[in-house]
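In the numbering used here, the protein residues as written are 15 to 265.
By construction, the Cβ of each residue, glycine as well, lies at the ideal position given by its N, Cα and C atoms.
Predicted, not measured: the structure shown is a model, and the values here were computed from it.
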């Protein structure tokens, strides 16, 4: 599961780190430490540009929450923020995007909530938030899918006539993270970027071989304050370790 994340890396740095060849600065978005479903996100992808012949690695602004091309409405996006690695090749909502429209979402890390039962065994369980990130501090390259949806109530060439959305692929959590939540986003190492982004790799069975998480040990999880629970809160302090003063406080 991945329902919230932080993304504050400058687009210029993403361009350098991911060897991006095409980027429109007009698509820049503000840093966010509380990205939620349907928010804009930056994604690295490879496509043949209009008028071009060969795929070019691009940095594009997408909306988080995939809307299948055949969907009648974009309202399904909030329910389609994640795609399970074990079924992504066969689910009608994702299989076409998985075959040839794969992308990477560079993020600082993601948030997960652990369900903790009361020690007494009575009362309601509480949700304890954690921030999961790379131990080396590098951006986490989440495996994603993207899709184009046309608003047929508008002319195809009209601004806003097309919506480009994305979903994050999830897999089984590694041992360190399993006690927090049984699922985690699939992330890739740099040596896996080219194959994942290659639009010419359009055979689903072959692409399934890419759905392998790196060896455990690259991620760290730290308990943080409960302020992240409200999307109204958006500042660097959300990823800092929890303090007694911050516990239970929305600031």
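Original post:
Would the region 152-168 and the region 195-207 be scored as touching if the rule is three or more Cβ pairs under 8 Å?
Top reply: Enough Cβ pairs lie closer than 8 Å, so yes.
Original post:
Could you give the distance in angstroms between the alpha-carbon of residue 33 and the alpha-carbon of residue 135?
Top reply: Distance between the alpha carbons of residue 33 and residue 135: 52 Å.
Original post:
Can you round the beta-carbon distance between residue 147 and residue 175 to whole angstroms, since I take them to be within the 8 Å contact cut?
Top reply: By a beta-carbon distance limit of 8 Å, residue 147 does not contact residue 175. Their separation comes to about 37 Å.
Subject >> Secondary structure, beta strand (DSSP E): runs of 3+ residues fully inside the region 148-230 >> reply: Listed in chain order, they are 154-164, 176-186, 197-199.
Original post:
Taking one C-beta from the region 99-117 and one from the region 188-195 each time, how about it: are there three or more such pairs within less than 8 Å?
Top reply: Verdict: no, contact absent.
Original post:
By the 10 Å Cβ neighbour count, where 16 or more other Cβ atoms means buried, how is residue 255 classified, buried or exposed?
Top reply: The Cβ neighbour count for residue 255, taken over all protein chains shown within 10 Å, is under 16; the residue is labelled exposed.
**OP:** Thinking residue 177 and residue 88 are a contact (beta carbons under 8 Å), I'd like their distance in whole angstroms, please.
**Re:** Taking the Cβ atoms as the reference, residue 177 lies roughly 6 Å from residue 88, within the contact range of under 8 Å.
Original post:
Would you call the region 179-187 and the region 60-67 in contact, with 3 or more CB pairs under 8 Å?
Top reply: With a cut-off of 8 Å, the region 60-67 and the region 179-187 do not count as touching, because too few Cβ pairs lie within range.
Original post:
In whole angstroms, what is the alpha-carbon distance linking residue 261 and residue 239?
Top reply: Unreliable placement is indicated for residue 261, whose pLDDT of 49 sits below 50; no coordinate value is reported for it.
Original post:
Looking at C-beta atoms only, is the number of pairs between the region 49-58 and the region 74-87 that lie closer than 8 Å three or more?
Top reply: Judged by Cβ distances under 8 Å, the region 49-58 makes contact with the region 74-87, as three or more pairs qualify.
Original post:
Between the Cα of residue 152 and the Cα atoms of 169, 25, 168, 121, which residue gives the shortest distance?
Top reply: Measuring C-alpha to C-alpha distances from residue 152 to each of 169, 25, 168, 121 identifies 121 as the nearest.
Original post:
Under the three-state reduction of DSSP, which class applies to residue 119: helix, strand or coil?
Top reply: Strand, per DSSP.
Original post:
Using the rule of at least 16 other Cβ atoms within 10 Å of the residue's Cβ for burial, across every protein chain shown, is residue 263 buried or exposed?
Top reply: Unreliable positioning characterises residue 263 in this predicted model, as indicated by a pLDDT of 38, which lies under 50. The coordinate reading is nonetheless provided below. Burial state of residue 263 is exposed, judged by a 10 Å Cβ sphere holding fewer than 16 other Cβ atoms.
Original post:
How big is the Cα-Cα spacing for residue 17 and residue 93?
Top reply: C-alpha separation (whole angstroms): 10 Å.
Original post:
Mapping DSSP to helix, strand and coil, what is residue 93?
Top reply: If DSSP states are grouped into helix, strand and coil, residue 93 belongs with the helices.
Subject >> Length of the line joining the Cα atoms of residue 22 and residue 248 >> reply: Across the structure, residue 22 and residue 248 are spaced so that their CA atoms are roughly 11 Å apart.
Original post:
So what's residue 242 in DSSP terms, helix, strand or just coil?
Top reply: Of the three classes helix, strand and coil, the one that applies to residue 242 here is helix, per DSSP.
Original post:
Which class does residue 77 belong to by DSSP, given the choice of helix, strand or coil?
Top reply: It is a strand residue.
Original post:
Bridge partners of residue 99, per DSSP?
Top reply: Partner(s): none; residue 99 has no beta bridge.
Subject >> Test item: CB-CB of residue 211 and residue 58 under 8 Å >> reply: Going by C-beta atoms, residue 211 is nearer than 8 Å to residue 58.
Original post:
Taking Cβ to Cβ, would you say residue 208 is nearer than 8 Å to residue 113?
Top reply: Not in contact: residue 208 and residue 113 (Cβ atoms no closer than 8 Å).
Subject >> Three-state class that DSSP yields for residue 19 in the structure shown >> reply: In the structure shown, residue 19 sits in a strand (DSSP, three-state: E or B).
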